[in-house]
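**Q** Residue numbers (this note's numbering): 1390 to 1627. First the structure, then my questions, so here it is.
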């Protein structure tokens, strides 16, 4: 997976990049005293946050991202599926996999989920953030005014990320083909802010106010069904 590091770094400094992690951290609140694997950890922002009250191991295939910060509050492993296979069974209480599987070839995804299940303790949880086709189509039309992209997404074609390589979405039915982990619940991410013009996102108080609105609807239907991203919790059988 190729990554435009400068583009990605720049995005993280913008209000729409900052609020993304504020939303994620809020939805991961309550995870304490756990052994956690962050797979596809990127720059390690989530791993760093969780390491404050947990023991965290981060795996990332891009060494420039993984080692961009010299901080050592969590264990860093350079690799991908190969690195997962080197870890012992039932090693983690929770696994984080955020915005990753879209960029892995569809026929290879079951292998990754199989490793996740092997590495989780019975009752362990997988925190999976995925792109939602409905939300992506809405953003393509409303925010980007890119009708061709919207139509391509509706046809199931791949999309191009500014920071990453081409990706393809997957839905709840696809997950049943990928894994035997049980879907416990799901929440919305980026229900509103991907539909607002960037010009308003630098206004004073925007981030705090929209954060409240996003969290207020994250667990509600139909909002979580039209969000740009969806945060799923999957559980390994006891």
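Note that the Cβ used here is the ideal one computed from N, Cα and C, for glycine as well.
Quick check: the Cα distance between residue 1573 and residue 1502, rounded to an integer number of angstroms?
**A** 16 angstroms
**Q** By Cβ distance below 7 angstroms, which residues in the same chain neighbour residue 1584 in space, the five residues on each side in sequence not counted?
**A** 1527, 1528, 1531 and 1532
**Q** Under a Cβ-count criterion, where at least 16 other Cβ atoms within 10 Å of its own Cβ denotes burial, should residue 1427 be classed as buried or exposed?
**A** buried
**Q** What's the C-alpha gap between residue 1539 and residue 1525?
**A** 8 angstroms
**Q** Output needed for residue 1394: all residues of its chain with C-beta closer than 7 angstroms, excluding positions within five of it in sequence on either side, in chain order.
**A** 1453 and 1454
**Q** Tell me the rounded alpha-carbon separation between residue 1557 and residue 1542.
**A** 9 angstroms
**Q** Are residue 1446 and residue 1466 touching if we call contact CB-CB under 8 angstroms?
**A** yes
**Q** With H, G and I counted as helix, E and B as strand and the rest as coil, what does DSSP make of residue 1516?
**A** strand
**Q** Between residue 1596 and residue 1408, is the Cβ-Cβ spacing less than 8 angstroms?
**A** yes
**Q** Under 8 angstroms between the Cβ atoms of residue 1628 and residue 1492?
**A** Since the first and last residues shown for the chain are 1390 and 1627, residue 1628 lies out of range.
**Q** Looking only at its own chain, which residues have a Cβ that is under 7 angstroms from the Cβ of residue 1483, when we skip the five neighbours before and after it?
**A** 1420, 1423, 1425, 1513, 1514 and 1516
**Q** If we require 4 or more residues per run, which alpha helix (DSSP H) segments fall completely within the segment 1485-1510?
**A** 1498-1508
**Q** Hey, is residue 1545's beta-carbon within less than 8 angstroms of any beta-carbon in chain C?
**A** Absence of chain C from the displayed structure is noted, only one protein chain being present.
**Q** Give the single residue among 1506, 1580 and 1522 whose Cα lies nearest to the Cα of residue 1478.
**A** 1506
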